[in-house]
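Numbering (my numbering), first residue to last: 808 to 948.
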């Protein structure tokens, strides 16, 4: 048994020595460039849901690359702030237009009321002469 272990150890030492000495002539592996964000968010147009869904951030040894994540988040934040400002501008314009037209229903408030209570039927489903339709009846009765 001793001779077998001695022979196995000699073979392993010889193989390692040949690999170290004989491997000097072969080409060394080249360093790979770090992964970069290849498909950034489009600059020429506003972002869409498909752009965000298609965004794939490169992975670094300890997670995602912070610079790429920061760039993507700052772009998304800027887009959301721009859209929020545009929505506020349009709501103000609508409120101003409604204020100059007396006797008209407040479309902005009516839309918000319906969004707040989606379980209640709208006034459009009322019956004849403005009376609420009977929604409790079963069909066919």
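By construction, the Cβ of each residue, glycine as well, lies at the ideal position given by its N, Cα and C atoms.
Taking C-alpha atoms, which residue in 847, 872, 883 lies nearest to residue 862? Within the chain shown, the letter at position 55 stands for residue 862. Among 847, 872, 883, the Cα nearest to that of residue 862 belongs to 847.
Could you tell me whether the stretch 847-859 touches the stretch 881-891, using the rule of 3 or more Cβ pairs below 8 Å? Touching, yes.
I think residue 875 touches residue 865, with their Cβ atoms under 8 Å apart; what is that distance to the nearest whole Å? As a first step, residue 875 is located in the chain shown; it is residue number 68 there, counting from the start. As a first step, residue 865 is located in the chain shown; it is residue number 58 there, counting from the start. Contact between residue 875 and residue 865 is confirmed by a C-beta separation of about 6 Å, below the 8 Å threshold.
May I have the straight-line CA-CA distance separating residue 903 from residue 858, to the nearest angstrom? Taking the first residue of the chain shown as 1, we reach residue 903 at position 96. Taking the first residue of the chain shown as 1, we reach residue 858 at position 51. One alpha carbon belongs to residue 903, the other to residue 858, and they sit about 35 Å apart.
Can you list, in chain order, the residues of its chain with a C-beta nearer than 8 Å to that of residue 869? Leave out the 5 residues immediately preceding and following it. Position 62 of the chain shown, counting from 1, holds the residue named residue 869. The beta carbon of residue 869 sits closer than 8 Å to no other beta carbon from its chain once the five residues preceding and following it are set aside.
Alpha carbon of residue 822 to alpha carbon of residue 811, nearest angstrom: Locating residue 822 in the chain shown gives position 15, counting from the first residue. Locating residue 811 in the chain shown gives position 4, counting from the first residue. Straight-line Cα distance between these residues: approximately 17 Å.
Straight-line gap, residue 896 to residue 889 (C-alpha atoms, nearest Å): Within the chain shown, the letter at position 89 stands for residue 896. Within the chain shown, the letter at position 82 stands for residue 889. Going from the Cα of residue 896 to the Cα of residue 889 covers about 11 Å.
By the three-class DSSP mapping on this structure, what secondary structure does residue 850 have? The count along the chain shown starts at 1 and reaches residue 850 at position 43. The answer is coil: DSSP assigns residue 850 none of H, G, I, E or B.
What is the residue span of the alpha helix (DSSP H) that residue 882 lies within? Your numbering for residue 882 matches position 75 in the chain shown. Where residue 882 is concerned, the enclosing alpha helix (DSSP H) starts and stops at 873-907.
Per DSSP, residue 776 forms a beta bridge with which residues? What the structure shows of the chain is the stretch from 808 to 948, and residue 776 is not part of that stretch, so it cannot be assessed.
Spatial neighbours of residue 825 within its chain, please: CB distance less than 8 Å, with the 5 preceding and 5 following residues excluded, ordered by chain position. Locating residue 825 in the chain shown gives position 18, counting from the first residue. There are no such residues.
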